[in-house]
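These notes concern the structure reproduced below.
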Amino acid sequence: MPFRIFVPWPRFLAWMILVFSAAGFGAQASADEPLHRRIDALMDAARTGPAPAASDDATFLRRLHLDLWGCIPGAEDVAAFLEDQSPGKREQAVDRLLDDPRFVRRMTIVLD
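Whatever position you read off the sequence shown (first residue = 1), add 178 for our numbering.
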């Protein structure tokens, strides 16, 4: 059997399924409310301490790239993101990274 690095994703996914089922997520979910807002509401309800402070844009972009693609963003991507003044730039960045084939490759490795 090959040696595998332990990744806690299965435990996290099992926890999320338990939280959603215990909260009646499927039965009470409104089709009009976006999924990310419903997940945020569940996470806020489960929080036991104060909410963490929001990260700055550079930190957000770095964490997003590391989580979704497994690499840090390029200098040109960071410069473009920091210059962008639109209010929905973080959501757009998430959507752009999720739509890229590198996200599928990364999740294939993480969940294998």
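Cβ atoms here follow ideal geometry from the backbone N, Cα and C, with glycine treated the same way.
Nearest-angstrom Cα distance between residue 273 and residue 281?
Position 95 of the sequence shown holds residue 273. Position 103 of the sequence shown holds residue 281. Going from the Cα of residue 273 to the Cα of residue 281 covers about 11 Å.
In chain order, what residues of the same chain lie with their CB nearer than 8 Å to the CB of residue 205, ignoring the 5 residues before and after it?
Taking the sequence shown and counting its residues from 1, the one referred to as residue 205 is at position 27. With a pLDDT of only 48 at residue 205, under 50, the local geometry of the prediction cannot be trusted, and no value is derived from it.
Applying the criterion that 16 or more other CB atoms from any shown protein chain within 10 Å of the CB defines a buried residue, is residue 143 buried or exposed?
What the structure shows of the chain is the stretch from 179 to 290, and residue 143 is not part of that stretch, so it cannot be assessed.
Can you give me the C-alpha to C-alpha distance between residue 252 and residue 244, rounded to a whole angstrom?
Start at 1 with the first residue of the sequence shown, and residue 252 comes out as number 74. Start at 1 with the first residue of the sequence shown, and residue 244 comes out as number 66. Looking at the two C-alpha atoms, the distance is approximately 12 Å.
Which term fits residue 257, buried or exposed, when burial requires 16 or more other beta carbons within 10 angstroms of its beta carbon?
Here residue 257 corresponds to residue number 79 of the sequence shown, with the count starting at 1. By the neighbour-count rule (16 or more Cβ atoms within 10 Å), residue 257 is not buried but exposed.
Apart from the five residues just before and just after residue 276, which ones in its own chain have a Cβ nearer than 8 Å to its Cβ?
The residue you call residue 276 lines up with position 98 of the sequence shown. These residues qualify, in order along the chain: 246.
Under the rule that 16 or more other beta-carbon atoms within 10 Å means buried, what is residue 154, buried or exposed?
Because the chain in this structure spans residues 179 to 290, residue 154 falls outside the shown range and cannot be described.
Cutting at 6 Å between CB atoms, please list the residues of its own chain near residue 241, excluding the five before and the five after it.
What you label residue 241 is simply residue 63 of the sequence shown in a count that begins at 1. If we look at residue 241 and ignore the five residues flanking it on each side, it has no Cβ neighbours.
With the cut-off set at 8 Å, would you say residue 268 and residue 238 are in Cβ contact?
The count along the sequence shown starts at 1 and reaches residue 268 at position 90. The count along the sequence shown starts at 1 and reaches residue 238 at position 60. Yes.
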